[in-house]
Amino acid sequence: MVQLVVGGAQMGPIQHADSRQVVVARMIALLEAAAARGVEMLVYPELALTTFFPRWYMEDEAEIDAFFEREMPNGATAPLFERARALGVAITFGYAELTPEGRRFNTSILTDRAGAIVGKYRKIHLPGHSEYDPERTHQHLEKRYFEPGDLGFRVWRNAGVVMGMAICNDRRWPETYRCLGLQGVELVTIGYNTPSANGQQSSEGLEKRLFHSDLSLQAGAYQNATYVVGVAKAGIEDGHPLMGGSIIVDPDGFVLARAATEEDELILAACDFDKCAFGKTTIFDFARHRRTEHYSRITAQTGMQVEV
Ligand code: ING
Numbered sequence: 001m002v003q004l005v006v007g008g009a010q011m012g013p014i015q016h017a018d019s020r021q022v023v024v025a026r027m028i029a030l031l032e033a034a035a036a037r038g039v040e041m042l043v044y045p046e047l048a049l050t051t052f053f054p055r056w057y058m059e060d061e062a063e064i065d066a067f068f069e070r071e072m073p074n075g076a077t078a079p080l081f082e083r084a085r086a087l088g089v090a091i092t093f094g095y096a097e098l099t100p101e102g103r104r105f106n107t108s109i110l111t112d113r114a115g116a117i118v119g120k121y122r123k124i125h126l127p128g129h130s131e132y133d134p135e136r137t138h139q140h141l142e143k144r145y146f147e148p149g150d151l152g153f154r155v156w157r158n159a160g161v162v163m164g165m166a167i168c169n170d171r172r173w174p175e176t177y178r179c180l181g182l183q184g185v186e187l188v189t190i191g192y193n194t195p196s197a198n199g200q201q202s203s204e205g206l207e208k209r210l211f212h213s214d215l216s217l218q219a220g221a222y223q224n225a226t227y228v229v230g231v232a233k234a235g236i237e238d239g240h241p242l243m244g245g246s247i248i249v250d251p252d253g254f255v256l257a258r259a260a261t262e263e264d265e266l267i268l269a270a271c272d273f274d275k276c277a278f279g280k281t282t283i284f285d286f287a288r289h290r291r292t293e294h295y296s297r298i299t300a301q302t303g304m305q306v307e308v
């Protein structure tokens, strides 16, 4: 039987002016609190080291690159890796990655409980736009600052558990979970930064956004018999609200823990990964039930085509 106490380290707002050092100190405080409560695997949000900078339109390359990390771990994050190793807690967190070749990705890493990086994922589904959009109440320029991920959806066996990573908008696409489910995933970690209001549709309020986040995470968990942990960076960043709503979902789709605030907040649940087996060997026994001869449209066609 494989059990792991999994924690979600929801983070409150990070202001444009906040230094990496200040942010990492907050992450270490969450790590300490988690370890004190027996957490063995801790999930941080997307872009956990900086403010959600895709809300800003920038043209100056140096100004943009200031939000990116050239190596990981690095001077600012080494204390976090060190403390996680000392406490024996595996961690995953998101950050903006600048590669030696000058490519930019919205990235997430996964460590083992000895603090070594065992996995990397680069966000595949980038929402938003690439040019300034005057029609929007706020910009969402992920397509401007990041390339689509080039590492695919992968899993790693870590602390005895088959783990996979996704990031934010990925959680809204069933393909994300099924690509991981087909690899036997038992824990999907998804950090997110989700604006509380829609920049294009003012009627879509916070309640509907929180519902859609839950719906996506719970469906992904149930339909692939896996645990899913969704962790927010939340609160008001330089006047721009991000929603909270961090949750831990079990393989039946039930929510085991939910954040109550939009601040730094720890949620946790003791996860028994044997619970994944029932779904994977009955209702979602993919080998027995899937009819792939009828699914070709999913990869052959990108956009909707109405032919009737
Ligand atoms: N943020 C948002 C997300 O997918 C979004 C963007 C919000 C898209 C709501 C659609 C609806 O949660 C990121 N960073 O992807």
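Numbering (the numbering used here), first residue to last: 1 to 308.
Note that the Cβ used here is the ideal one computed from N, Cα and C, for glycine as well.
Query                                                                                                           : Result
Outcome for Asp250 when other beta-carbon atoms lying within 10 angstroms are tallied against a minimum of 16   : buried
Nearest neighbour of Gln338, chosen from Tyr57, Leu215, His294, Glu186 [CA to CA]                               : This structure leaves residue 338 out entirely; the chain is present only between 1 and 308.
Residue range of the unbroken alpha helix (DSSP H) whose run includes Pro79                                     : 78-87
Sufficient close CB pairs (3 or more, under 8 Å) joining the stretch 156-171 to the stretch 124-131             : yes
Rounded C-alpha distance that separates Ala270 from Gly279                                                      : 19 Å
Test item: CB-CB of Gly191 and Val231 under 8 Å                                                                 : yes
For Ser213, the first and last residue of its enclosing alpha helix (DSSP H)                                    : 206-223
Where Tyr145 sits in the DSSP three-state scheme                                                                : helix
Any non-hydrogen atom of the ligand ING within 7 Å of Glu46 CB                                                  : yes
Buried versus exposed call for Leu215 [16 or more other C-beta atoms within 10 Å across all chains shown]       : exposed
Selection from Pro79, Tyr177, Gly164, Ser130 that minimises the alpha carbon distance to Lys120                 : Gly164
The ligand ING heavy atom lying under 7 Å from the CB of Pro13                                                  : no
Cβ separation of Gly160 and Asn224, assumed to be a contact under 8 Å, to the nearest whole Å                   : That belief does not hold up - the Cβ atoms of Gly160 and Asn224 are roughly 19 Å apart, past 8 Å.
Any non-hydrogen atom of the ligand ING within 7 Å of Asn169 CB                                                 : yes
Residue environment, His240, which counts as buried when at least 16 other CB atoms sit within 10 Å             : buried
Per-residue DSSP class, three states only, for His289                                                           : helix
Coil, strand or helix - Gln301 by DSSP                                                                          : coil
Residues sharing a beta bridge with Cys271, DSSP                                                                : Leu4
Backbone secondary structure at Ala259 - three-state DSSP                                                       : coil
Beta carbon of Glu237 nearer than 8 Å to that of Thr51                                                          : yes
Minimum length 3: unbroken beta strand (DSSP E) runs contained in the stretch 2-73                              : 3-10, 41-43
Near the ligand ING: Arg209 beta-carbon under 7 Å from a heavy atom                                             : yes
Cβ-heavy atom distance, Phe136 to the ligand ING, below 7 Å                                                     : According to the sequence displayed, residue 136 carries Arg and not Phe. Checking every heavy atom of the ligand ING against the Cβ of Arg136, none is found closer than 7 Å.
Proximal residues to Arg83 (C-beta, below 8 Å), its chain only, five neighbours per side dropped                : Ile28, Leu31, Glu32
Cβ-heavy atom distance, Glu237 to the ligand ING, below 7 Å                                                     : no
Any non-hydrogen atom of the ligand ING closer than 7 Å to Glu142 Cβ                                            : yes
Near the ligand ING: Asn74 beta-carbon under 7 Å from a heavy atom                                              : no
Those runs of the beta strand (DSSP E) which lie wholly inside the stretch 122-203 and span at least 3 residues : 155-158, 161-167, 187-192
Close beta carbons around Gln15, own chain, < 8 Å, minus the five adjacent residues each side                   : Thr51, Glu237, Asp238
beta-carbon Pro195 near the ligand ING non-hydrogen atom, thresh 7 Å                                            : yes
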